[in-house]
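Colleague:
2 protein chains.
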Amino acid sequence: MAKRKQAVGDRISEAEHAVMEALWDASPLSAADVCDRVCAANDWSIPTVKTLLSRLVSKGAVGTEPEGRKFLYHPLIERSDYVGGESRRLVDRLFGGRAAPLFAHLAENEALSDDDLAEIEALLREMRK
Amino acid sequence: MAKRKQAVGDRISEAEHAVMEALWDASPLSAADVCDRVCAANDWSIPTVKTLLSRLVSKGAVGTEPEGRKFLYHPLIERSDYVGGESRRLVDRLFGGRAAPLFAHLAENEALSDDDLAEIEALLREMRK
DNA sequence: CGTATTCGATTACACCTGTAGCCGTTACGA
DNA sequence: TCGTAACGGCTACAGGTGTAATCGAATACG
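Which chain is which? The protein sequence lines are A and B, in order.
Just so you know, the working numbering puts 83 at position 83 of the first sequence, and the rest follows in order with no gaps.
In the working numbering, each number is its position in the second sequence, counted from 1, plus 1000.
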């Protein structure tokens, strides 16, 4: 059985996503740890991070464990699930669910590096088999 | 710190995007025309569409021309610009700006049809030249 | 033992978004 | 000509989001 996915309507916002990234990168972390990792980049203060963490907890995206008297936070959803969901949403909304036009767009705008191209070719060859 | 004035470059929300799609599909259109094209699908009423159109106008994404007593609305931004911008935002946010991981994700989740694969291969061949 | 500190929890608040109602003007049909 | 339907413009309002201050309990330090 697949693990519980996010409920519809409990979308993770962009600011919350930055916090998730920190937790995916390393977990469990305390609120202060998370702040160390994201506050500077986003110009946030600690209360902001705490709010975002609370919201993520109430959305079921992050879980807590007590460590002494504080909490440690850890992700409850997989990054790949989130990323996959967001990607599919974009492809559905902008490209009628087809990935090829997205690819074409990235290609047209030179958003594809040589490395990207090589990697994609490798993936294609892989899938071919 | 004062709030910034709305200018070209404000983000288009999801609901607004649906309206933009109608205008990209055919323009100029009256508010009623737009409603004909999007109200049923989104379960909106005409006032909703009018609000969305106004917001798009104030965001500089849609322009108006008087047609008799009404207005006709037409897009001021190109669909490809919007789509490209959104795509790049996603790739930046989720994949560190690299398209290959996005591609890998779509591939892993079987979000790529055979047609997609064939098309992407063709594009790659094209770019190789 | 009492006080400063440290957390999480609660509260705040303005802006954005989705969704829609009401109002004043006006063109058109009776 | 007069009422009325149609339109655009303004208003509304709840829920989400970004951003943060404050409160109260637990703790560590002196």
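All C-beta atoms in this analysis are idealised placements derived from N, C-alpha and C, irrespective of residue type, glycine included.
Applying a beta-carbon distance threshold of less than 7 Å, which residues of chain A neighbour residue 1062 of chain B?
Modeller: Within the second sequence, the letter at position 62 stands for residue 1062 of chain B. Ordered by position in chain A, no residue passes the 7 Å Cβ test against residue 1062 of chain B, which lies about 18 Å from the chain.
Colleague: Quick one, are the C-beta atoms of residue 1024 of chain B and residue 1075 of chain B less than 8 Å apart?
Modeller: Within the second sequence, residue 1024 of chain B is the residue found at index 24, counting from 1. Within the second sequence, residue 1075 of chain B is the residue found at index 75, counting from 1. Yes, Cβ-Cβ distance for residue 1024 of chain B and residue 1075 of chain B is below 8 Å.
Colleague: Helix, strand or coil, according to DSSP, for residue 1070 of chain B in the structure here?
Modeller: Here residue 1070 of chain B refers to the residue found at position 70 when the second sequence is read from its first residue. Of the three classes helix, strand and coil, the one that applies to residue 1070 of chain B here is strand, per DSSP.
Colleague: Out of curiosity, what's the CA-to-CA distance linking residue 80 of chain A and residue 1109 of chain B?
Modeller: Within the first sequence, the letter at position 80 stands for residue 80 of chain A. Within the second sequence, the letter at position 109 stands for residue 1109 of chain B. Approximately 10 Å between the Cα atoms of the pair.
Colleague: Under 8 Å, Cβ to Cβ, is there at least one residue of chain A near residue 1005 of chain B?
Modeller: The count along the second sequence starts at 1 and reaches residue 1005 of chain B at position 5. With a pLDDT of 36 at residue 1005 of chain B, under the threshold of 50, the modelled position of that residue is not reliable, and no figure is offered here.
Colleague: Tell me whether residue 116 of chain A is buried or exposed, calling it buried when 16 or more other Cβ atoms sit within 10 Å of its Cβ.
Modeller: Here residue 116 of chain A refers to the residue found at position 116 of the first sequence. Buried, because 16 or more other Cβ atoms sit within 10 Å of the Cβ of residue 116 of chain A.
Colleague: Between residue 1095 of chain B and residue 120 of chain A, how many whole angstroms is the CB-CB distance? I'm expecting something under 8 Å.
Modeller: By 1-based counting over the second sequence, the position of residue 1095 of chain B is 95. By 1-based counting over the first sequence, the position of residue 120 of chain A is 120. At roughly 13 Å, the Cβ-Cβ gap does not stay under 8 Å, so residue 1095 of chain B and residue 120 of chain A are not in contact.
Colleague: When burial is assigned at 16 or more other CB atoms within 10 Å of the CB, is residue 87 of chain A buried or exposed?
Modeller: If you number the first sequence from 1, residue 87 of chain A lands on position 87. Buried is the call here.
Colleague: Taking Cβ positions only, does residue 1068 of chain B come closer than 8 Å to chain A?
Modeller: On the second sequence, position 68 is the one that residue 1068 of chain B refers to. No, its Cβ sits nowhere closer than 8 Å to a Cβ of chain A.
Colleague: Give the DSSP-derived three-state secondary structure of residue 76 of chain A in the structure shown.
Modeller: As a working note, residue 76 of chain A is residue 76 in the first sequence. If DSSP states are grouped into helix, strand and coil, residue 76 of chain A belongs with coil.
Colleague: What residues from the stretch 1096-1112 of chain B come within 7 Å of chain A, judged by C-beta to C-beta, listed N to C?
Modeller: Here the close residues are 1098, 1099, 1100, 1102, 1103, 1104, 1105, 1106, 1107, 1109, 1111 and 1112.
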